Each structure stands twice: as structure tokens, then as C-alpha cells.
Amino acid sequence: MLNVRDISTGALDGAGLLPIGSYDPFQPRFIANLKEHLAAGYSVVVRLHPGVAYPMPDNDLVHKVDREGHVVAVVGYDDDHDTFLIGDPWRAEWGGDRHGLTTLTAQDMALLLCNSTACYAAMPAPMTMSARIEAVGPTTNQLVVTVGAPRHPHARCELRSITDLNASIKLPAGLACEQARQWAGLVTPEGDAELTWVIEERGPVDGEIEIAVAGLGLGYDPYPFTDVVGSRARIAVRSVLDAPVRERQLV
């Protein structure tokens, strides 16, 4: 029988971010919506016009960055000074003085957005996922993973469904299963999918079960979009000792 010691969940590496808003020409409405996301505890990714703060060759600026923008993470807001706190990956060796944590006024934020396409996304935006292990015999366990569509309380874009859902597990020493990969056809915001693995104990166990789930998200913002969305989880298990289960976010 397995004892679950710790469960961690987070975004799947390489998966897309859920769009939560497209270009809004009314700046106060955009700023208010951005603040709603931050107040709810979500960081937000936006694409900014580089402007004079990001030195670069004219060819890069005019032919690429001027249209595509430079991605930063908006992580906070200061009501007293009407400024956003920005996590900027611009590297110091590239020149300029805007890298690391910096600030940007609400007016500059609205003016510098690259607005040719959807301009901001939630970070992270994994699909919802929970996992549990049930003993079904002296050395037989059942791993049950429940997967749901990403839910974002202030999103102005709609994710209609996730199709072609596939999930895989990686087991520590001492555990085995006949089929490491499972599939599910469709997940919607109204209905979750449940995936099940039968796991056999073949020896002493003290390690982590790794779970990766991904699928193709379909929606609109307001135009149709598709992107790969996914989540991952790690379950620390041991075949001896009782201990309380801890839950935390992967970073």
C-alpha cells in the first residue's frame, strides 16, 4: 500500500498561455480589467512596444520587434502611484536600463501595448488538475487524475473546449503499470475528464510519480484561437510510514 506524502501541481513546460483579452481601444476599460486579474492573484503577460527603453539595431526594431513587441510579466499594481510592477526579461548586456523588476505608469502601459493581436494572457494558465491514489489490493493501487478546462474569473475570452487530451505518467523505482499513457476525447468548462492507471508495487517505494497532461484548447478572443494547454503534477509516495499530505504550487 502506498502512502502519499506530497502533491504538487503546476503548468506544463512548453504549453501555451490562455488568452484572457484581446485589443481594447478604450484604455480605462483595459487598465481596469488588467487590475482585476492582478487583484485575483494572477500575473499577466503583455507585449509592449520597445520604444526608446530598449536599444537595438534599427533592422530588428523596424522589421520584427516593432510589430511583435517585447514580452513582459505584469505582477502587481500600486494604486497610490497609479503604476504597474513589471517583471522584464530584457538582459542588461543588451543595453538599456529596463531589466528585472521595474515600474510602468498605467498611461504608458496602455500606450505601449502592441495591439495588432490579442495583447495579454494569464500566467500561468494550466488546466485544473487533481490526483489521488486508492488502494485496491495488498500491492495494487489506482491512480486517478481529474482534469478540467482552465478557469479564469475575469477572462474576456472564452475557452470552449480541450480536445485530443493525452496524459502520461513516469513512475519511481518499485512501481509498474501496463500502460503509461492515457487519452480522453473532450473537456469543457462544464465537465471534467477522469483518467485512471492501475499501478503495481514490485518493491520498496520512496519517490515521485510524475504526471503530464496536455490537449488542444479551442476558443475565441473574439476571433477563433487554438493553443496547446497543459498541466503537470508530482506525487511523492512511499510504501512505509504515515504522514500528512501537503499541497503546494510548482514553481
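Numbering follows the UniProt record's numbering, with no gaps: position 38 of the sequence shown is 38. Virtual Cβ for every residue (Gly too), placed ideally from N, Cα, C. Just so it is clear, the structure is predicted and the values come from calculations on it, not from any experiment.
Can you tell which of Leu171, Thr163, Arg181 and Pro224 has its C-alpha closest to the C-alpha of Leu216?
Thr163
Note down the Cα distance separating Thr103 from Tyr77, rounded to an integer number of angstroms.
9 Å
Determine whether the beta carbon atoms of Leu48 and Val75 lie at a separation below 8 Å.
no
Assign Met1 to one of two classes, buried (16 or more other C-beta atoms within 10 Å of its C-beta) or exposed (fewer than that).
Result: exposed.
In whole angstroms, give me the CA-to-CA distance for Val45 and Asp82.
19 Å
Starting from Phe26, trace the alpha helix (DSSP H) both ways and give me its first and last residue.
From DSSP, Phe26 is part of no alpha helix (DSSP H); its letter is neither H nor E.
Nearest CA to the CA of Asp88: which residue from Thr128, Met127 and Ser43?
Ser43
How close, in whole Å, do the beta carbons of Glu208 and Thr140 come, if the pair is a contact with beta carbons under 8 Å?
The pair is not a contact, with the Cβ atoms about 20 Å apart (cut-off 8 Å).
Between which residues of its own chain and Thr146 is the CB-CB distance below 6 Å, once the five residues before and five after are set aside?
Correct list, in chain order: Ser130, Asp192 and Glu194.
Beta-carbon separation (whole angstroms), Ala149 vs Asp6, contact threshold 8 Å:
Incorrect: roughly 26 Å between the Cβ atoms, too far for contact.
Excluding the five sequence neighbours on either side, which residues of its own chain have a C-beta within less than 7 Å of the C-beta of Thr226, listed in chain order?
Cβ neighbours of Thr226 beyond the five flanking positions: Leu216, Gly217 and Leu218.
When you measure from the CB of Leu111 to every non-hydrogen atom of the ligand SAH, does any distance come out below 7 Å?
Annotation note on the ligand SAH: not contained in the displayed structure, which lists no ligands.
Based on Cα-Cα distance, which residue from Gly230, Pro138 and Ser161 lies nearest to Ser239?
Pro138
Just reading off the beta strand (DSSP E) that Ala193 is part of, what are its end residues?
Ala193 to Glu201
Under 8 Å Cβ to Cβ from Thr196, same chain only, skipping five residues before and after it: list those, please.
Gln142, Leu143, Val144, Val145 and Gln182
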